[in-house]
Every structure is written in structure tokens, then in C-alpha cells.
Amino acid sequence: MKDSATILKILGETIKPGENKEAALNIAKLHTQTPVDVPVIISRSKKPGPTVLFTAGIHGDEVNGVEIVRQLIAKGINKPKKGTIICIPVINIFGFINMSRSFPDGRDLNRVFPGVKSGSLASRLANELITEIIPHVDFVLDFHTGGALRFNAPQIRIEEGNPEYDAMAELFGAPFIVYSKNLGRSFRNTCNQMGKPILLYEGGKSLHIDANVTNTGVNGAKRILHHFGMLRSNFKVSKPKKDPIYVTDSKWIRAKYSGMFKSITRIEKLVKKGEVLGHITDPYGKFNHFVKAPNTGYIININDAPLIYQGDALFHISLEHEKQ
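According to our numbering, the residues represented by the sequence shown are 1102 to 1425, in order.
Below is the structure:
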């Protein structure tokens, strides 16, 4: 861990130990020449310690993650007992304003890292984040949400085979730890390549705030800060309600037919092979197809869309899982 007792220079701001400042990622302007800045909230203790970064809103419609980081700031959890805490509640400010997953140019910000200084708008922002902020941090918590209308069970995603990540994921306390490979040109993959430990938290669905998902995220963040000795004593740290379930393999159950869709199962449930999970019907009452579980497993994602097409992902179910 870095010694945070020194002056921190970031994004043109100088932050001394014990100071709190708001910096900004200055990327571009609107067509009206109005500047659009990405606020970066930096809080430092007078005591040296690690630097932890909380990020959300890489996809502009993933408001659950934004709400988690907002709560960390609003409740003062981001004021460290030692070290430095950096919060970026909304990275993709353009998508957030437009309630869109992507950038105005249609690019997915989480597929352009580490970015290029003279590249596309999304690539420039990615490059600024990677070159100006990530070198200063020791640990990253990145908050995400299920895409479209697909609701994710609260989960930490990490690559398999890293005992340090396993330990930190268990410490976070989400109900599920899902092993998934780092996608090329993603924020998570780039941080890993730079030697910066990162946990990716998924929960809920886009354009929707779920209290259980946000509470799990806030409590997990507090546990991580407590582990580093950064959480102030006026905040309580609760133990997870249950041990996490490791999902080592999983699959999507896809629609065999187009039609109106209704799930009758619940997120996080352990279902049995052959159990009915939902129905696909038509508007005329002539057709009713039962969607059944192909195997025994945990439901870690449910599609809440009322209308679906053949081939759409309906449920994400674990194929191999184990309790710790």
C-alpha cells in the first residue's frame, strides 16, 4: 500500500492529508459549449494509509451502483479514519444524463479501456481515468447493474484462481461470488493488468433502484474499509447474513418461443431440475409454454421484460456451485 501521508496531486488539484476536495475529469462539452465534468470526490485522513477507489456508472443506466456510491458520500462513510478514499459516483455522465447505457457515439465505455488520449469520446474518458486516477489507488470497488430488464442477484465477480480475491470477495459479503473471466478492454481487466486489485459488484437491473441491492453494496463497502482500518468507529459493521455461494459455472436459459413472459420464481432461489420457472404466452390465450429449469441450481438473474423474443435470455442459473 502507498504512504498517503504525502501530498496527493490529481487532476490538477493538490490535496494534503486531512483535506477534502472535489476534482473533475474534464472530457468534453455539449453542443451548446456547456462543459460536462465528471466529479471526483477525494477525502483524505491525516493518518497515512491505503487509497481506495469507489466507482459506478460506467454504464449510464446502472443507477443502483450510483446510489451505492451516493450513500457512501451522503453518510460520510467516505471520510476515512486513515488513508484516502476517492469516489466517482457517475463515470459515464453522458449516458447518465440520457438514461442510456452507452456514450453519445454508441460506444460501450467498458469495452474501450485503457483508452487513447486522442481517440473517441469514450476512449478519451477511459484514458483519463486510467492515467490520472488509477496509478494513485491501491484497491478498487466498481459497482454495476444487470443490463436492460435483467435483474442480477447481488454478486461479486472475480476471476478464478486468486486466493486474495477470494478472501476479499468473501469479506464483502454478497450472497454470491461468481467466477467470470475478465473481458478484454474492460475496466476490470485493465486494473488487473496494472496490478490494482478490483472487485466488481453486480446487482439489480438498469434504471431501477433496489433497496436490498444498495444495502448489500453499502455494507460490503464498509466491510472492505473496516478491513483496511479506514472505517471510522461511528459506523457499525455487520456480519453477512449467510455464507456466500461460489458459482463456478453457469448458463443462460433462453426462450424457445416469442411472446409475453412472466417469471414465477424468485432471485437467489435454489431450484430443482424440471421446476417451472415461468410462462411464455400469447396475447390471445391460445398458447402457454412452461419454462423449466434444465438442472438444479441457483437463479442469479431473471429477465423482467414482459415481452420477449425467441432466443432471449430469461434466467441465469448456476451449473456448478458450492458453499464455503
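C-beta: ideal position from N, C-alpha, C; glycine also.
Quick one: what does DSSP say residue i is sitting in, helix, strand or coil?
| i | result |
| --- | --- |
| R1323 | The sequence as given places Lys at residue 1323; Arg does not occur at that position. If DSSP states are grouped into helix, strand and coil, K1323 belongs with the helices. |
| H1417 | strand |
| G1305 | strand |
| R1286 | coil |
| I1159 | coil |
| V1139 | strand |
| E1423 | strand |
| V1153 | strand |
| L1378 | strand |
| H1328 | helix |
| T1317 | helix |
| V1372 | strand |
| L1109 | strand |
| M1102 | Because M1102 carries a pLDDT of 49, less than 50, the predicted location of this residue cannot be relied on, and the following value inherits that uncertainty. Coil at M1102, not helix or strand. |
| G1177 | coil |
Kindly give me the distance between the Cβ atoms of residue i and residue j, rounded to whole angstroms, as I take these residues to be in contact under 8 angstroms.
| i | j | result |
| --- | --- | --- |
| N1193 | G1158 | 5 angstroms |
| N1396 | I1418 | 7 angstroms |
| M1361 | P1298 | Contact doesn't hold; Cβ gap of about 44 angstroms is too wide. |
| G1248 | S1201 | With a Cβ gap of about 12 angstroms, G1248 and S1201 do not count as contacting. |
Within the same chain, show all residues whose beta-carbon is closer than 6 angstroms to that of residue i, passing over the 5 residues directly before and after it, in chain order.
| i | result |
| --- | --- |
| E1229 | L1126 |
| D1104 | Note that D1104 scores 49 on pLDDT, short of 50, meaning its location in the model is unreliable and no value can be drawn from it. |
| I1116 | L1109, K1122, I1143, R1145 |
| I1189 | V1141, T1156 |
Which residues in the same chain have their Cβ closer than 7 angstroms to the Cβ of residue i, if we skip the five residues on either side of it in sequence?
| i | result |
| --- | --- |
| H1237 | L1109, I1111, T1152 |
| H1422 | I1346, Y1347, V1348, T1349, G1398, Y1399 |
| K1183 | S1146, K1148, P1149, G1150, G1330, M1331 |
| R1286 | R1212, V1213, F1214 |
For residue i, which residues from the same chain have a beta carbon less than 8 angstroms from its beta carbon, with the 5 sequence-adjacent residues on both sides left out?
| i | result |
| --- | --- |
| S1221 | F1204, D1206, R1208, V1213 |
| K1363 | G1379, H1380, T1382, P1407 |
Could you tell me whether the region 1198–1217 touches the region 1169–1188, using the rule of 3 or more Cβ pairs below 8 angstroms? The region 1198–1217 makes no contact with the region 1169–1188, as fewer than three CB pairs between them are under 8 angstroms.
Stretch pair the region 1375–1388 + the region 1310–1321: three plus CB contacts closer than 8 angstroms: With a cut-off of 8 angstroms, the region 1310–1321 and the region 1375–1388 do not count as touching, because too few Cβ pairs lie within range.
Are three or more beta carbon pairs between the region 1317–1333 and the region 1221–1230 nearer than 8 angstroms? Cβ pair count under 8 angstroms is below three, so no.
What runs of the alpha helix (DSSP H), each 4 residues or longer, lie entirely inside the region 1225–1292? Look at the region 1225–1292 and you find these whole runs of alpha helix (DSSP H), each 4 residues long or longer: 1264–1273.
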